[in-house]
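First the structure, in the form of structure tokens, and then the observations on it.
Residue numbers (UniProt numbering): 1 to 471.
Structural data, given as structure tokens:
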């Protein structure tokens, strides 16, 4: 939907489009991107047992020509801008439908008994143990082969209901039900898969984040007293067989990003009440609110509020009230890129005006890097130059991954917990120099530099011994 803009573009144009997407989002204040790399048992990357995605060159199995590895390219470009890169894999879909480009080696041809047909699509039958192992192995390969920061799945586990459609997994249920009713059995299948995915990440690269962006409503209160004060026709627990609250409260995943794609006036699923429910049920993991950027400026006769440019700012102000919410995720990237009703301008000029440092995950890594060494400053005609030496490795063996430069006036309290004092985030292990051009003549400044590791633990600050005066 966002990248590439259409099938069959040359690698040069694909790369240019991706760089443009990153540049726009980075300049708007974003600090992470979530990029789909497996859409339908296919791959946007070279090191895969599954065929190349048709969404790249127009035909499944066709590699980019001239050749490049899109995932390696995307990760490198994201990291060069100090953006986290989360690889988003579709979990349940094997084909888009009968018109999909399918080659003979595709899993739907090799293992048709693993799939069920629903609304013309081929979906993985999650009740089969070998299917769950296969999906986990595909994800594990991405973790093993690529320098991703996170693995991400969205709301597709079992499919959304559709008229005159049945799942067609009754024979699998009879073979594996283990005394459960079919609904509990399906939820148990998804639970087992989530644990397999988690365990694979922990075994290969335990510091990689594992997150899920589920449908926003776990259960309605009328179905479960512990559910949300909503009247949703779909729930992740009952419709998609995804017990998302269990996963976050039990710590099976590192973050949850519920898709709260509802406006603030929608009575059946009130935005504020659903946000509040998730803050009360997040456990000790991170909660990022999924926001419906794709709906901004899209008229609908029964839902005109998305034509109001204040709708997204209202939602942002509400989630910013809670210290239990660690961030926000916007779907989709194109909706931010195209800037409907000035949403990107609103974010850049207001909510993202100052840098947001990615919150650490102490259950994955709670050891901060050592501070930068030998900080020196020098006044120049064009500004004040800072340079420092990287710290030695931390006790856990981690190097510094990036640095943050704070600046204070001579009489100002030196608070590094206030983002208004950040003047630079210097990415890359060898980025140990910064030129501050935004200084006033003859004014005296104090600088503090801190080091961050890959999981965003911050060192104590290294400061200059006395204020430095601009020329």
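Ideal placement from N, C-alpha and C gives every residue a C-beta, glycine not left out.
Can you tell me which residues form a DSSP beta bridge with residue 421? Numbered from its first residue, the chain shown carries residue 421 at position 421. DSSP, once it has assigned bridges, lists no residue as partnering residue 421.
Using DSSP with H/G/I as helix, E/B as strand and the rest coil, what is residue 52? Taking the first residue of the chain shown as position 1, residue 52 is located at position 52. Of the three classes helix, strand and coil, the one that applies to residue 52 here is strand, per DSSP.
Find out if the Cβ-Cβ distance for the pair residue 445, residue 416 is shorter than 8 Å. Against the chain shown, residue 445 aligns to sequence position 445. Against the chain shown, residue 416 aligns to sequence position 416. No. Outside cutoff.
What are the residues that DSSP puts in a beta bridge with residue 373? Counting from one through the chain shown, the residue named residue 373 turns up at place 373. DSSP output for residue 373 lists 389 as bridge partner(s).
Over what stretch of residues does the beta strand (DSSP E) that includes residue 321 continue unbroken? By 1-based counting over the chain shown, the position of residue 321 is 321. Here residue 321 belongs to no beta strand (DSSP E), and DSSP marks it neither H nor E.
If I follow the unbroken beta strand (DSSP E) through residue 279, where does it start and stop? Position 279 of the chain shown, counted from the start, is the residue given in the question as residue 279. DSSP places residue 279 outside any beta strand (DSSP E); the residue lies instead in the alpha helix (DSSP H), whose first and last residues are 271-281.
Where in the region 63-147 do unbroken runs of the beta strand (DSSP E), each at least 3 residues long, occur, reported from the N-terminal end onward? 84-89, 115-118, 121-124
Restricting to Cα atoms, I'd like to know which of 89, 159, 127, 173 is closest to residue 137. Position 137 of the chain shown, counted from the start, is the residue given in the question as residue 137. It is 89.
Following the continuous beta strand (DSSP E) through residue 407, name the residue where it begins and the one where it ends. As a working mapping, residue 407 is identified with position 407 in the chain shown. Its beta strand (DSSP E) spans residues 402-409.
Evaluate contact between the region 51-70 and the region 372-382, counting only Cβ atoms and requiring at least three cross-stretch pairs below 8 Å. no
What did DSSP end up calling residue 192 once you bin it into helix, strand or coil? Indexing the chain shown from 1 puts residue 192 at position 192. If DSSP states are grouped into helix, strand and coil, residue 192 belongs with the helices.
Take every Cβ of the region 75-87, pair it with every Cβ of the region 142-153, and state whether three or more of those distances are shorter than 8 Å. The region 142-153 and the region 75-87 touch, with three or more beta-carbon pairs separated by less than 8 Å.
Nearest candidate by alpha-carbon position, reference residue 201, set 249, 158, 150: Working through the chain shown from its first residue, we reach residue 201 at position 201. Of the candidates 249, 158, 150, the one whose C-alpha sits nearest the C-alpha of residue 201 is 150.
Other residues of its chain near residue 480: CB distance less than 7 Å, five sequence neighbours each side excluded: Since the first residue of the chain shown is 1 and the last is 471, residue 480 is not available in this structure.
By Cβ distance below 7 Å, which residues in the same chain neighbour residue 165 in space, the five residues on each side in sequence not counted? Taking the chain shown and counting its residues from 1, the one referred to as residue 165 is at position 165. The answer, listed in chain order, is 118, 119.
Could you pull the start and end residues of the alpha helix (DSSP H) that residue 23 belongs to? As a position in the chain shown, residue 23 is number 23, starting the count at 1. That run of the alpha helix (DSSP H) goes 11-27.
Beta carbon of residue 354, beta carbon of residue 405: below 8 Å? On the chain shown, residue 354 is found 354 positions in, with the first residue counted as 1. On the chain shown, residue 405 is found 405 positions in, with the first residue counted as 1. In this structure, residue 405 does not lie closer than 8 Å to residue 354 by Cβ.
Among 100, 264, 424, 428, whose alpha-carbon lies nearest the alpha-carbon of residue 402? For the purposes of this step, residue 402 is taken as residue 402 along the chain shown, with counting starting at 1. Selected option, being the one with the closest Cα: 428.
Which word fits residue 160, buried or exposed, when buried means at least 16 other C-beta atoms lie within 10 angstroms of its C-beta? For the purposes of this step, residue 160 is taken as residue 160 along the chain shown, with counting starting at 1. Result: exposed.
Does DSSP put residue 342 in a helix, in a strand, or in coil? Within the chain shown, residue 342 is the residue found at index 342, counting from 1. Helix.
Determine whether the beta carbon atoms of residue 460 and residue 375 lie at a separation below 8 Å. Position 460 of the chain shown, counted from the first residue, corresponds to residue 460. Position 375 of the chain shown, counted from the first residue, corresponds to residue 375. Cβ atoms of residue 460 and residue 375: not closer than 8 Å.
Specify the secondary structure class of residue 443 as computed by DSSP and reduced to three states. To locate residue 443, count along the chain shown from 1; it is residue 443. In the three-state reduction of the DSSP assignment, residue 443 falls in the coil class.
Report the option in 266, 99, 274, 253 whose CA atom is closest to the CA atom of residue 283. To locate residue 283, count along the chain shown from 1; it is residue 283. Nearest option by C-alpha distance: 253.
Could you tell me the boundaries of the alpha helix (DSSP H) in which residue 336 lies? Mapped onto the chain shown, residue 336 falls at position 336. Residue 336 -> alpha helix (DSSP H) spans 333-337.
Using the three-state DSSP reduction, which class does residue 217 fall into: helix, strand or coil? On the chain shown, position 217 is the one that residue 217 refers to. Coil.
Which of helix, strand or coil does DSSP assign to residue 202? Working through the chain shown from its first residue, we reach residue 202 at position 202. Three-state DSSP puts residue 202 in a helix.
Just verifying my parser: in three-state terms, what is the DSSP assignment at residue 44? Here the question's residue 44 lines up with position 44 in the chain shown. Of the three classes helix, strand and coil, the one that applies to residue 44 here is coil, per DSSP.
Taking residue 474 as the reference, give the member of 134, 51, 262, 93 with the closest Cα. The structure shown does not extend to residue 474, since the chain is modelled only from 1 to 471, so the question has no answer here.
Does DSSP classify residue 485 as helix, strand or coil? Outside the shown range of the chain (1 to 471) lies residue 485, about which nothing can therefore be said.
Cα separation between residue 338 and residue 229? As a working note, residue 338 is residue 338 in the chain shown. As a working note, residue 229 is residue 229 in the chain shown. One C-alpha to the other measures close to 34 Å.
Compare the Cα-Cα distances from residue 264 to each of 285, 313, 286 and report the closest residue. Working through the chain shown from its first residue, we reach residue 264 at position 264. Selected option, being the one with the closest Cα: 313.
Helix or strand or just coil, what does DSSP make of residue 170? Residue mapping note: residue 170 aligns to position 170 of the chain shown, counting from 1. Helix, per DSSP.
Bridge partner(s) assigned by DSSP for residue 384: The count along the chain shown starts at 1 and reaches residue 384 at position 384. Bridge partners of residue 384: 379, 436.
Can you give me the C-alpha to C-alpha distance between residue 287 and residue 217, rounded to a whole angstrom? In the chain shown, the residue the question calls residue 287 occupies position 287. In the chain shown, the residue the question calls residue 217 occupies position 217. Between the alpha carbons of residue 287 and residue 217 lies a gap of roughly 14 Å.
Return the Cβ separation of residue 94 and residue 122 in integer angstroms, given the expectation that the two are a contact with Cβ distance under 8 Å. In the chain shown, residue 94 corresponds to position 94, counting from 1. In the chain shown, residue 122 corresponds to position 122, counting from 1. Yes, they are in contact, since the Cβ atoms of residue 94 and residue 122 sit about 4 Å apart, within 8 Å.
Distance between residue 8 and residue 97 (C-alpha atoms, nearest Å): As a working note, residue 97 is residue 97 in the chain shown. As a working note, residue 8 is residue 8 in the chain shown. Their Cα atoms are separated by approximately 20 Å.
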